[in-house]
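Asks: Per the numbering used here, residue 334 is the first one in the sequence shown, and the count goes up by one each step. Just so it is clear, CB atoms sit at the ideal spot from N, CA and C, and this is done for glycine as well. Below: one structure in structure tokens.
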Amino acid sequence: MAIDKKLAADCHIHIVADQSEFPLAEHRSYTIPPARVETYWATMSETDVGRVVVVQPSCYGKDNRCLLDALESFGDRARGVAVVDPENLDDQLLSDLHDNGVRGVRVNLLSVRDQARPMETVLPEIDAALAGSNWHIQVFCAAETLPALAKLQEKVQAPLVIDHFGFVRPENLERDFPNLFRLLENGAWVKLSGTDRVANGPDSPGLGDLARKIFAAFPDNAVWGSDWPHTPMHSGGSVSDDVVLPYREIDTAGFFKGASEWFPEGSDCHKLFVSNPARLYDWPMDGN
């Protein structure tokens, strides 16, 4: 696959600064080293990726300063997904975040379990705050949460964007895919991302079949993401020390190549990597 002007979008990455610049949240599930903008570009230099979506990692909580700094460094090639208190998301803050490239709010129901409020409360509050903004709500949750999320979807207006295949694993396809299907059928999007979280990588048996199954049914509702820099697996509980956990050693550029090979048709690749992200994240189609 070749895409002109490096318009392919990686729709799920994290940027982490040195703690002396942007401290991690006091209550967090892990401590990680810096993962910088220039390191990401070096990692993907041999790919067609030229656009990124920077997602606020849970280790920063609701302090979006590092996210905004990263968006400034990336420039027009980047969009952001922030974490906010819905009661503090007034029109001025929404406008300021939008001007800095943010286009969505992330709700984490999986890796900060000891702090998470019920999604039945959080999602409607965020949805009300986003009214008229054309932003989306990105949801990070386990596959077991999808049925309840599908019921709640009927009560919110903002599009839902489901992280990491909705954690539908190939071996649990029969059990979990109908729940993801219901969400997509009602207008949700899904990120074909975190492939090492739901399988052993893009080449794992069954994962390509799952990606093609999703794309065949909902070709306009899927985007791809690498999940760089591949944060360490953890329990989801708070840590009380500053032991730095290393990132998982993964061939991120290989993830992009593997995902592109799921779809041999160039038009499908263009939709997944270029036109769908452009619609969801408010980029021009032609890169200008």
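Per DSSP, what kind of secondary structure is residue 389 in: helix, strand or coil?
Replies: On the sequence shown, residue 389 is found 56 positions in, with the first residue counted as 1. In this structure, DSSP gives residue 389 a state outside helix and strand, which the three-state scheme calls coil.
Asks: My assumption, with CB atoms under 8 Å, is that residue 588 sits in contact with residue 534. Please give the rounded CB distance.
Replies: As a position in the sequence shown, residue 588 is number 255, starting the count at 1. As a position in the sequence shown, residue 534 is number 201, starting the count at 1. At roughly 7 Å, the Cβ-Cβ gap stays under 8 Å, so residue 588 and residue 534 are in contact.
Asks: Can you give me the Cβ contacts of residue 610 inside the same chain, cut-off strictly under 7 Å, excluding the 5 residues immediately before and after it?
Replies: Taking the first residue of the sequence shown as 1, we reach residue 610 at position 277. Within the same chain, residue 610 has close Cβ partners 342, 344, 384, 556 and 616.
Asks: Quick one: is residue 593 buried, meaning 16 or more other Cβ sit within 10 Å of its Cβ, or exposed?
Replies: Residue 593 sits at position 260 when you count from the first residue of the sequence shown. By the 10 Å Cβ count, residue 593 comes out buried.
Asks: Using a Cβ-Cβ cut-off of 8 Å (strictly less than) and excluding sequence neighbours within five positions of residue 441, which residues of its own chain qualify?
Replies: Working through the sequence shown from its first residue, we reach residue 441 at position 108. Cβ contact annotation for residue 441 (same chain, cutoff 8 Å, sequence separation greater than five): 391, 416, 449 and 473, in chain order.
Asks: Identify the continuous beta strand (DSSP E) that holds residue 524 and give its terminal residues.
Replies: Walking along the sequence shown from the start, residue 524 turns up at place 191. Segment 522-525, the beta strand (DSSP E) holding residue 524.
Asks: Taking only runs that begin and end inside the stretch 356-428, name each unbroken beta strand (DSSP E) of 3 or more residues, in chain order.
Replies: 382-388 and 411-415
Asks: What residues match up with residue 557 in a beta bridge as DSSP calls it?
Replies: The residue given as residue 557 occupies position 224 in the sequence shown. Answer by DSSP bridge pairing, in chain order: 525.
Asks: If you draw a straight line from the alpha carbon of residue 604 to that of residue 575, how long is it in whole angstroms?
Replies: Position 271 of the sequence shown, counting from 1, holds the residue named residue 604. Position 242 of the sequence shown, counting from 1, holds the residue named residue 575. About 42 Å.
Asks: Would you call the stretch 344-355 in contact with the stretch 364-375, where contact means no fewer than 3 C-beta pairs closer than 8 Å?
Replies: At 8 Å Cβ cutoff, the stretches touch.
Asks: Please state if the CB of residue 456 and the CB of residue 501 are separated by a distance shorter than 8 Å.
Replies: Taking the sequence shown and counting its residues from 1, the one referred to as residue 501 is at position 168. Taking the sequence shown and counting its residues from 1, the one referred to as residue 456 is at position 123. Against a cut-off of 8 Å, the Cβ pair of residue 456 and residue 501 comes out as no contact.
Asks: Alpha carbon to alpha carbon, how far is residue 453 from residue 503?
Replies: Position 120 of the sequence shown, counting from 1, holds the residue named residue 453. Position 170 of the sequence shown, counting from 1, holds the residue named residue 503. So the two alpha carbons sit approximately 28 Å from each other.
Asks: What number of angstroms, rounded off, separates the C-alpha of residue 559 from the C-alpha of residue 497?
Replies: Position 226 of the sequence shown, counted from the start, is the residue given in the question as residue 559. Position 164 of the sequence shown, counted from the start, is the residue given in the question as residue 497. When only Cα atoms are considered, residue 559 and residue 497 end up about 10 Å apart.
Asks: What residues match up with residue 343 in a beta bridge as DSSP calls it?
Replies: As a working note, residue 343 is residue 10 in the sequence shown. Answer by DSSP bridge pairing, in chain order: 385.
Asks: Does the Cβ of residue 520 have 16 or more other Cβ atoms within 10 Å, making it buried, or fewer, making it exposed?
Replies: The residue given as residue 520 occupies position 187 in the sequence shown. With fewer than 16 other Cβ atoms within 10 Å, it is exposed.
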